[in-house]
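First comes the structure, then the notes that go with it.
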Amino acid sequence: MIHLDINCDMAEGFSRGRQSEDLGIMKWITSVNIACGLHAGDPHIICRTIEAALKHDVKIGAHPGYADIQGFGRRSMNLSVNEVYELVLYQIAALAGTTKALGGELHHVKLHGALYNEAAERPELAEAVVQAIADIDEDLILYALSGSKLVEAGLEHGIQVAEEVFAERAYLPNGRLAPRDLEGSVLISKEERMEQTRQLVLKQRVMTVNGEHIDLAADTLCVHHESHDVLQFLGEVHKWAKQNDVKIEPITAR
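Spelled out as structure tokens, the structure:
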């Protein structure tokens, strides 16, 4: 049997802006990445999302990004390695402390946006991120782009790593995500997303934007809450999983 975690980025609105939609997603996922307030989110929606995750027994992760609310954390920032370390350290600590205060425990860390993509490519940033995680809690699981430098840094440091793939994002031939400004970078139709999910989960491979197939490990599948018909799609994934001996469950810390 194949085991698959499904994760989703949440608390990326403000106050109660997206709360009703996000709560509907909770019953379909096994782990949630909660914005830490710098690229999006505020203390109130962060707390409500943590409470909803605890209610639905969904594993809680910190989702740190660049301090860039106007750009939603998707713009590159010229920060030093030490600044990236401190930025990530602060956000993980904030989410871990809030989660503990509300009766839960932090399970994992997944970077957001430009920081996610840059740490996947740049070993020095990957090392800074991994060091921040380890200095908070070496038992935290690192969710990282499959096959990336961040995966390598986590494994070298002895951190448990979950290699992440995406249901609705197109891939470049080097295994990186296609830039969002590239036409076709986000898969819209349910059929396309389901086919990519089937390929990633069952065959551990994906077709890239140029029509080639590349191999990717798939420990956790990201589904974005803003995806078209996301609740219907998640329901379809669960139905498909039951029919194909795929057990949807959270990643267990070793």
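So for the sequence shown, UniProt numbering puts the first residue at 1; every next one is plus one.
Quick reminder that beta carbons are idealized off the backbone N, C-alpha and C, glycines included.
This structure is a prediction, so every number in the text was calculated from the model and none was measured.
Limits of the unbroken alpha helix (DSSP H) element including residue i
i	result
Tyr-143	Tyr-143 -> not in any alpha helix (DSSP H); beta strand (DSSP E) instead, spanning 141-145.
Ala-99	The displayed chain sequence assigns Thr, not Ala, to residue 99. Run containing Thr-99: 81-101, per the alpha helix (DSSP H) assignment.
Leu-231	230-243
His-3	From DSSP, His-3 is part of no alpha helix (DSSP H) but of the beta strand (DSSP E) over 2-10.
Where the beta strand (DSSP E) containing residue i begins and where it ends
i	result
Arg-205	205-207
Lys-247	246-248
Thr-49	From DSSP, Thr-49 is part of no beta strand (DSSP E) but of the alpha helix (DSSP H) over 43-55.
Leu-125	That residue, Leu-125, is in no beta strand (DSSP E); its alpha helix (DSSP H) goes 123-136.
Leu-221	220-222
Buried versus exposed call for residue i [16 or more other C-beta atoms within 10 Å across all chains shown]
i	result
Asp-5	buried
Ala-101	exposed
Gly-65	buried
Glu-212	exposed
Glu-12	buried
Pro-123	exposed
Lys-203	exposed
Asp-68	buried
Bridge partner(s) assigned by DSSP for residue i
i	result
Gly-158	Bridge partners of Gly-158: none, in fact.
Gly-61	Asn-33 and His-108
His-213	Met-207
Tyr-171	Leu-177
Val-186	Arg-169
Glu-118	According to DSSP, Glu-118 bridges with nothing at all.
Glu-164	Leu-145 and Thr-220
Beta-carbon spacing of residue i, residue j below 7 Å
i	j	result
Leu-142	Val-109	yes
Ile-92	Val-130	no
Ala-253	Val-209	no
Ala-217	Glu-156	no
Gly-73	His-107	no
Ala-35	His-63	yes
Ala-126	Ala-134	no
Arg-75	Ala-114	yes
Proximity test, Cβ basis, 7 Å: residue i and chain D
i	result
Thr-208	Given the protein chain composition of this structure (a single chain), no chain D is represented.
Contact the region 129-139 vs the region 192-207: 3+ CB pairs below 8 Å
no
Count the C-beta pairs between the region 40-52 and the region 81-90 that are closer than 8 Å, then say yes if the count reaches three, no if not.
no
When the Cβ atoms of the region 218-237 are set against those of the region 154-171, are three or more pairs found closer than 8 Å?
With a cut-off of 8 Å, the region 154-171 and the region 218-237 count as touching, because enough Cβ pairs lie within range.
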